[in-house]
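Please read the structure below before turning to the comments.
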Amino acid sequence: MKSAQSTSTQAGVAIRAAVAAIPRGCVASYGEIARRAGLPGRARLVGRVLGEAGAASLPWQRVLRADGRIAFPVGSRAFREQVRLLAAEGVRVHRGRVDLAAFGWDRDLDRLLWAAPRPGRRS
DNA sequence: TCCTTGACCATTA
DNA sequence: ATAATGGCCAAGG
Numbered sequence: 006m007k008s009a010q011s012t013s014t015q016a017g018v019a020i021r022a023a024v025a026a027i028p029r030g031c032v033a034s035y036g037e038i039a040r041r042a043g044l045p046g047r048a049r050l051v052g053r054v055l056g057e058a059g060a061a062s063l064p065w066q067r068v069l070r071a072d073g074r075i076a077f078p079v080g081s082r083a084f085r086e087q088v089r090l091l092a093a094e095g096v097r098v099h100r101g102r103v104d105l106a107a108f109g110w111d112r113d114l115d116r117l118l119w120a121a122p123r124p125g126r127r128s
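Numbering (my numbering), first residue to last: 6 to 128.
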């Protein structure tokens, strides 16, 4: 058979590997996954691949939009499912959105801890 | 073959 | 904060 869906292409394999690598309790954006998969600028392809069959065994719930919001319509079946799965691994979702500074995979901890404005450093 | 759609994103206003 | 725009590119009609 030659049904070469995106999930069986090289890109698909790389994307799935990147998603599988997201640590439990963390989240990453579609764009970030694309970048890690060696496909910068192809966030939409990530969404497509996750939509295809085979994503069931992946931690797809850890993939969010760049602003931390869930990519499904609020209240939809997939939306509720994603919220449930994330909550199950300790990721807090508030109003369909996750705080990337707190749960983001690539968050820079140093910058986060020192985020408080220091006196004498610009306003 | 052209056109539309989409689990997206960065920039600009 | 929201809205419009252009880029991205694989599927499906």
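In this text, a Cβ means the ideal position worked out from N, Cα and C, and glycines have one as well.
Contact the segment 77-95 vs the segment 33-48: 3+ CB pairs below 8 Å: no
For V51, the residue or residues it bridges with in DSSP: Partner(s): none; V51 has no beta bridge.
8 Å contact criterion, which V54 and R21 should meet: CB distance rounded: 7 Å
C-alpha gap between V103 and S13, whole angstroms: 30 Å
Exposure of P64, with buried meaning 16 or more beta-carbon neighbours within 10 Å: buried
Contacts around A71, its chain only, beta-carbon distance under 6 Å, and the 5 residues preceding and following it disregarded: S34 and G36
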